[in-house]
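A short worksheet on the structure shown next.
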Amino acid sequence: MVPATLRGLVPRAFVALGVALVAVACSSAAPPTVAPRTSINALMVTMVDNAGHVLWDAEKPELAPKDDADWLEIQDHAIQIAAASTLIQLGGTGQADMGWIRQVGWSTHATAMGDAALAALTAAQAKNLDALVKANGALVDTCQNCHNAFKPALPTEGIVHQRPHSESH
Ligand code: HEC
39 MVPATLRGLV PRAFVALGVA LVAVACSSAA PPTVAPRTSI NALMVTMVDN
89 AGHVLWDAEK PELAPKDDAD WLEIQDHAIQ IAAASTLIQL GGTGQADMGW
139 IRQVGWSTHA TAMGDAALAA LTAAQAKNLD ALVKANGALV DTCQNCHNAF
189 KPALPTEGIV HQRPHSESH
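Read the sequence shown against the numbering used here and you will find it ends at 207, with the numbers running on by one and no gaps.
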C-alpha cells in the first residue's frame, strides 16, 4: 500500500519516466532504411571498373601522374571505389543482388576492395607512385577474389564495359 503522502507523486513519477523514455527514443532513432536505385552490375561497370582503370592507368608511362591535378584525379577515383564498396553491401536492383549480399564472403570481399582503395587514396595524397602500384595490385586481387566466388559468366543485367578505358578520364 502506497502511503497517502506519496500517492500524488507516483503518477507524476510515471509521467516523468515517460517523458524521459520518449527523449531517449528520439535521440537514438534508427537510421533510415535506404533502398538501392541501381544494380550491382551497373555499379561494377560505371563506378568500380571505370575508377579502377584510372588507378591502374597511372602505371602506364604515358599516363603516369605528373602534377597535382593528376594526383587529385587518382584520389577522386580511389574515393569512388571506397564508396562503391559500401554501396554494393546495400544490395541493388539486379535480379541476383539481394541474394549476393546475404551470402557469406560478400561483405569481406567488398570491404577488402574498400581497404585497397583507401590505401590507393593514401598513396595518391602522398604522391607516392610506388605505394600506389602496391595498392593497385592489392585492388586487382580483391576484384578477382570476389569474381571467382560470385560473378556469373554473363552479366545478369547485360551491362558490360562500353568504351576504351583510357577514354574514361
Ligand atoms: C564483393 C564482390 C565484388 C568485388 C569486390 C568486385 N566485383 Fe565486379 N562484379 C561482382 C559481381 C557479382 C558481378 C556480376 C554482376 C551481375 O552480373 O549482375 C560483377 C561484375 C563486374 C563487371 C561487369 C560484368 C562483366 O562481366 O564484365 C565488371 C566490369 C566488374 N565487375 C569489375 C570489377 C572490378 C574492376 C573490381 C575491383 C576493382 C570488382 N569488379 C570488384 C562482384 C564483385
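Here a beta-carbon is modelled for each residue, glycine too, at the ideal position from N, C-alpha and C.
Within the same chain, and ignoring the five residues on either side of A80 in sequence, the residues whose Cβ sits closer than 6 Å to its Cβ are I197. Residue state for Q141 is assigned as coil, using DSSP reduced to three classes.
In this structure the stretch 116–131 lies against the stretch 85–97, because at least three pairs of beta carbons, one per stretch, are closer than 8 Å. Closer than 8 Å to some heavy atom of the ligand HEC: that does not describe the Cβ of V171. Here the C-alpha atom of D106 lies approximately 18 Å from the C-alpha atom of W94. With the rule of 3 Cβ pairs closer than 8 Å, the stretch 159–167 does not count as touching the stretch 134–147.
In the structure shown, L192 adopts coil according to DSSP, grouped into three states.
Taking C-beta atoms as the reference points, H115 and A89 count as a pair closer than 9 Å.
S66 is classed as exposed because its beta carbon has fewer than 16 other beta carbons within 10 Å across all chains shown. Here L170 is buried. Its C-beta has 16 or more other C-beta atoms within 10 Å.
Here DSSP, grouped into helix, strand and coil, assigns D105 to coil.
Not one heavy atom of the ligand HEC is found less than 8 Å from the C-beta of T76. If the five residues before and after V72 are omitted, its C-beta is found closer than 7 Å to the C-beta atoms of L128, all from its own chain and listed in chain order.
Within the chosen limit of 8 Å, the ligand HEC does not reach the beta carbon of W109 with any heavy atom.
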